[in-house]
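Using UniProt numbering, read the sequence shown as starting at 1 and increasing by one per residue.
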Amino acid sequence: MKLFNTLTLTKEDFNPIGSEVGLYTCGPTVYNYAHLGNLRTYLFEDLLKRVLTYNGYKTKHVMNITDVGHLTDDGDDGEDKMEKGATREGKSALEIAEFYTGAFKQDLQALNIIEPTIWCKATDNIPEQIALIKELEAKGFVYQISDGLYFDTAKLTDYNKLSHLPLNDLKEGARVEANVEKKSPTDFALWKFSTEGVKRQMEWPSPWGVGFPGWHLECSAMSLKFLGDNLDIHCGGIDHINVHHSNEIAQSESATGKKFFNYWVHGAFLNIAGGKKMAKSADNFLTLDNALIKKDLSPLVYRFAALQTHYRKPMEYSEAIIANSATGLASLKSQIAVLGSELGQISVDWQAKFKAAISDDLNTPEALAVLYDLLKSNLSSADKLATILDFDQVLGLSLEKAGNITEENLPADVLNIFNNRLQARAGKNWSESDRLRDELEKLGYIIEDSGKDSAIRLK
Ligand code: AMP
Ligand code: ZN
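(1) For TRP430, count the other beta carbons within 10 Å of its own beta carbon; 16 or more makes it buried, fewer makes it exposed. Which is it?
(2) Out of curiosity, what's the CA-to-CA distance linking THR287 and PHE104?
(3) Under a three-way DSSP split, which group does MET222 fall into?
(4) Might you give, ordered along the chain, the residues of its own chain that have their beta carbon closer than 8 angstroms to the beta carbon of GLY267, omitting 5 neighbours on each side?
(5) Please work out which residues of its chain come closer than 8 angstroms, Cβ to Cβ, to LEU379, disregarding the five sequence neighbours upstream and downstream, and give them in chain order.
(6) Report buried or exposed for ASN419, applying the criterion of at least 16 other Cβ atoms within 10 angstroms of its Cβ.
(7) In chain order, what residues have a CB nearer than 5 angstroms to some heavy atom of the ligand SAH?
(8) To the nearest angstrom, report how far apart ALA110 and PRO299 are at their CA atoms.
(9) Below 8 angstroms on the Cβ atoms is my contact criterion, and I expect SER252 with MET1 to pass it. Report the Cβ-Cβ distance as a whole number of Å.
(10) Does the distance from the C-beta atom of VAL269 to that of PRO314 stay below 8 angstroms?
(11) Across which residues does DSSP place CYS235 in a beta bridge pair?
(12) Kindly indicate which residue of GLU137, THR157, LYS49, ALA97 has the alpha-carbon position closest to the one of PHE151.
(13) Below 8 angstroms on the Cβ atoms is my guess for ALA255 versus GLU135; work out the distance and round it to an integer in Å.
(14) Spatial neighbours of LYS84 within its chain, please: CB distance less than 8 angstroms, with the 5 preceding and 5 following residues excluded, ordered by chain position.
(15) May I ask you to report which of helix, strand or coil DSSP gives TRP208?
(16) So does the stretch 89 to 106 actually touch the stretch 46 to 63, counting three or more Cβ pairs closer than 8 angstroms?
(17) Between which two residues does the alpha helix (DSSP H) harbouring GLU439 extend?
(18) Mark GLY22 as exposed unless 16 or more other C-beta atoms lie within 10 angstroms of its C-beta, in which case mark it buried.
(19) Can you name the residues that DSSP bridges to GLY37?
(20) Whose CA, out of MET202, ILE336, ASP289, GLU181, lies closest to the CA of ASN375?
(21) Mind checking which residues open and close the alpha helix (DSSP H) that includes ASP383?
(22) Using a Cβ-Cβ cutoff of less than 7 angstroms, which residues in the same chain neighbour ASP13 once the five nearest sequence positions on both sides are dropped?
(23) Output the boundary residues of the alpha helix (DSSP H) element that contains PHE14.
(24) Can you list the alpha helix (DSSP H) stretches of 4 or more residues lying completely in the stretch 44 to 130, in chain order?
(25) Contact defined as beta carbons within less than 8 angstroms: I believe LEU52 pairs with ALA291. What is the distance between those atoms, to the nearest angstrom?
(26) Have a look at ASP392 and LEU47 and give me their C-alpha separation to the nearest angstrom.
(27) For the ligand AMP, any of its heavy atoms closer than 7 angstroms to the Cβ of LEU7?
(28) Starting from SER347, follow the beta strand (DSSP E) in both directions and report where the run begins and ends.
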C-alpha cells in the first residue's frame with residue numbers, strides 16, 4: 001500500500017511500526033455543526049482506515065473532540081470557540097459540547113463512517129497536557145509571558161519540516177496575531193492564563209497559574225497517551241499543515257526526543273464552485289442536513305460524490321454536482337439490482353485490480369472505474385454481485401441494499417446457523433445466540449437484531 005506523505009512530499013510504501021496500525025485523526029471543535037468541507041476530510045480518513053483493513057491491517061484509530069482551547073483566529077488570540085458558542089446559544093460550554101458531539105456522531109453514522117476505536121476529549125486529558133508542558137519546560141523549550149506559556153520555536157532547526165516553507169514565510173503567516181511579547185511569530189501557546197478578574201467556564205489550576213491548554217497540545221498528549229509507540233499515521237485537512245500539525249510535531253518530538261508519526265496524510269479542501277473555501281465563519285455554511293437530508297437525498301450521495309475526486313485534489317461543491325451524484329448513485333444501484341440476488345464467488349482477478357487502484361494512495365476515481373468495468377464484463381451476475389459487495393467494504397455505499405440477500409440465496413450452512421440462532425434467541429439462550437453470531441461473523445455475515453427480528457447481511 002502506498003500513501004503520499006506530506007513529510008517527504010513523496011508517495012511512499014506503507015510500513016507500520018507494530019502489528020496494529022496507529023491512526024490519529026484530528027477531530028472536530030464542537031461549537032457548531034460540521035460542514036460538508038469538514039465531512040469531506042472525515043470521509044477521506046474513513047476511506048484510509050477501510051483501505052488499511054482491506055489490506056489486512058488491524059487499526060487502532062483515535063479521534064479527539066476539541067472542547068476547549070481552540071481560539072477564534074486559529075492562533076493564540078481571540079475568544080475560545082467553545083465559550084463563544086455557549087454565549088451565542090445561551091447555554092454552558094459543556095452543553096454545547098455535548099450537543100454538537102452528538103450531532104457530529106449522527107453525521108458520521110449517516111455517511112457510513114466507521115467510528116474510531118477511541119474517542120477522547122481535550123477536557124478529559126488536562127493532567128496529560130500539563131505533564132507534557134512540564135517535560136518541555138525541563139528541557140528548556142518554554143518561556144512565559146503575561147498571557148501564558150509559549151513554545152520557543154527558535155530552539156528547533158527543523159520547525160518547518162512538515163510545511164517545507166521558508167521560516168520567514170511561516171513567520172509572516174503567523175504575524176496576524178501580533179502578540180508583541182512573543183519572541184517569534186511562530187511561537188505558540190502551551191498554556192494560556194485566564195484573564196484577571198474574568199471567570200472562564202473552563203479553566204484549571206496548573207503549576208504556572210489558572211488557565212487552559214493551547215489547542216495544539218491536546219493532539220500531542222492524546223496521541224502519545226492512546227497510541228504509545230505506534231505512531232503510524234496522522235491525518236487532517238491541508239489547513240492543518242503549516243500551524244497545527246507543525247506545532248504538534250515540534251512539541252511532541254522536543255518532549256520525547258523521538259519521531260512523532262511516520263506518515264502525515266492530508267486531505268484537500270471542499271470549495272464552493274468558483275474556488276472559495278467552505279468555512280464555519282463564512283455564509284456558505286452547508287451541512288449534511290441542509291444540503292442533502294432536507295432535500296430528500298441520502299447522505300451517501302455526498303459520500304459517492306467525494307469518492308469521485310482523489311482526496312488530494314480540491315473538490316467543488318455545487319447543487320448540480322450533488323444532483324449528478326444522486327443520479328450516478330441511483331444508476332449504479334439499479335445496475336446492481338438487476339444482477340439478482342444470488343451470491344457467487346468473489347473474483348480474485350477483479351479484486352486484485354480494485355485493490356491495486358485503492359492501495360495506490362487511495363485512488364478512488366480509478367477504483368470506481370474498475371467497478372464500472374466489472375459491471376460491463378462477462379463475469380456471471382452472481383460473481384459480479386459477490387465481488388461488488390467485497391469492494392463495498394472500502395466504498396461504504398451500502399450497496400448490499402441494492403441487491404437483496406434473502407433467506408433463499410443464503411448458503412445452506414449459513415442459513416442453518418442463522419435459524420439456530422433465531423431459536424436460541426427465542427429461548428432466551430443468550431450465550432448460545434452470541435456464539436452463533438460470532439460464528440456467522442467469521443463466515444463474513446453481520447446480524448442486525450431489532451426487537452424479536454433478526455436480519456442478516458454481508459460484512
Ligand atoms: P475544525 O472542526 O475546524 O477543527 O475542522 C475539522 C476538520 O475539517 C479539520 O481536519 C480541517 O482541516 C477540515 N476542514 C476544514 N475546512 C475544510 C474544507 N473546506 N474542506 C475540507 N476539510 C476542511
Ligand atoms: Zn489535531
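We put the beta carbon where it would ideally sit given N, CA and C, even for glycine.
Fair warning: this is a prediction, and the values are worked out from it, not measured in the lab.
Per the coordinate set shown:
(1) The count along the sequence shown starts at 1 and reaches residue 430 at position 430. TRP430 should be labelled exposed.
(2) As a working note, residue 287 is residue 287 in the sequence shown. As a working note, residue 104 is residue 104 in the sequence shown. One C-alpha to the other measures close to 11 angstroms.
(3) Counted from its first residue, the sequence shown places residue 222 at position 222. In this structure, MET222 counts as helix in the three-state DSSP scheme.
(4) For the purposes of this step, residue 267 is taken as the residue at position 267 of the sequence shown. Correct list, in chain order: ARG40, THR41, PHE44, GLU45, CYS235, GLY236, GLY237, ILE238, TYR311, ARG312.
(5) Locating residue 379 in the sequence shown gives position 379, counting from the first residue. For LEU379, where only same-chain residues beyond five positions count, the Cβ hits under 8 angstroms are SER347, TRP350, THR387.
(6) Within the sequence shown, residue 419 is the residue found at index 419, counting from 1. So ASN419 counts as exposed.
(7) As for the ligand SAH, it is missing from this structure, which binds only the ligand AMP and the ligand ZN.
(8) Here residue 110 corresponds to residue number 110 of the sequence shown, with the count starting at 1. Here residue 299 corresponds to residue number 299 of the sequence shown, with the count starting at 1. About 6 angstroms.
(9) For the purposes of this step, residue 252 is taken as residue 252 along the sequence shown, with counting starting at 1. For the purposes of this step, residue 1 is taken as residue 1 along the sequence shown, with counting starting at 1. The distance from the Cβ of SER252 to that of MET1 is about 25 angstroms, inconsistent with a contact at the 8 angstroms cut-off.
(10) By one-based count along the sequence shown, residue 269 stands at place 269. By one-based count along the sequence shown, residue 314 stands at place 314. Checking the displayed sequence, the identity of residue 269 turns out to be Phe instead of Val. Yes, the pair counts as a contact, with Cβ atoms nearer than the cut-off.
(11) Against the sequence shown, residue 235 aligns to sequence position 235. Looking at the DSSP assignment, CYS235 forms a beta bridge with THR25, VAL265.
(12) Residue numbering aside, residue 151 sits at position 151 when the sequence shown is read from its first letter. Closest by alpha carbon: GLU137.
(13) Start at 1 with the first residue of the sequence shown, and residue 255 comes out as number 255. Start at 1 with the first residue of the sequence shown, and residue 135 comes out as number 135. Your pair ALA255 and GLU135 checks out as a contact, with CB atoms roughly 4 angstroms apart and the cut at 8 angstroms.
(14) For the purposes of this step, residue 84 is identified with residue 84 of the sequence shown, where counting begins at 1. Apart from the 5 residues on each side of it in sequence, LYS84 sits with its Cβ closer than 8 angstroms to the Cβ of TYR31, THR72 in its chain, given in chain order.
(15) Counted from its first residue, the sequence shown places residue 208 at position 208. Note: TRP208 maps to coil in three-state DSSP.
(16) no
(17) Counted from its first residue, the sequence shown places residue 439 at position 439. Start and end: 430 to 442.
(18) Here residue 22 refers to the residue found at position 22 when the sequence shown is read from its first residue. The residue is buried, with at least 16 neighbouring Cβ atoms inside 10 Å.
(19) Position 37 of the sequence shown, counting from 1, holds the residue named residue 37. Bridge partners of GLY37: none, in fact.
(20) Here residue 375 refers to the residue found at position 375 of the sequence shown. The question names Asn, but residue 375 in the sequence shown is Leu. With distances taken between Cα atoms, LEU375 lies closest to ILE336.
(21) For the purposes of this step, residue 383 is identified with residue 383 of the sequence shown, where counting begins at 1. DSSP places ASP383 inside the alpha helix (DSSP H), whose first and last residues are 381 to 395.
(22) To locate residue 13, count along the sequence shown from 1; it is residue 13. So the list reads LYS2, once near-sequence residues are dropped.
(23) For this step, residue 14 is matched to residue 14 along the sequence shown. Neither: PHE14 is in no alpha helix (DSSP H) and is coded neither H nor E.
(24) Counting whole runs of 4 or more residues, the stretch 44 to 130 contains the alpha helix (DSSP H) stretches 81 to 89, 93 to 110.
(25) Mapped onto the sequence shown, residue 52 falls at position 52. Mapped onto the sequence shown, residue 291 falls at position 291. 29 angstroms between Cβ atoms; not a contact.
(26) The count along the sequence shown starts at 1 and reaches residue 392 at position 392. The count along the sequence shown starts at 1 and reaches residue 47 at position 47. Looking at the two C-alpha atoms, the distance is approximately 11 angstroms.
(27) Your numbering for residue 7 matches position 7 in the sequence shown. Because no heavy atom of the ligand AMP lies under 7 angstroms away, the Cβ of LEU7 does not count as near it: no.
(28) Here residue 347 refers to the residue found at position 347 when the sequence shown is read from its first residue. Per DSSP, SER347 belongs to no beta strand (DSSP E) and is neither H nor E.
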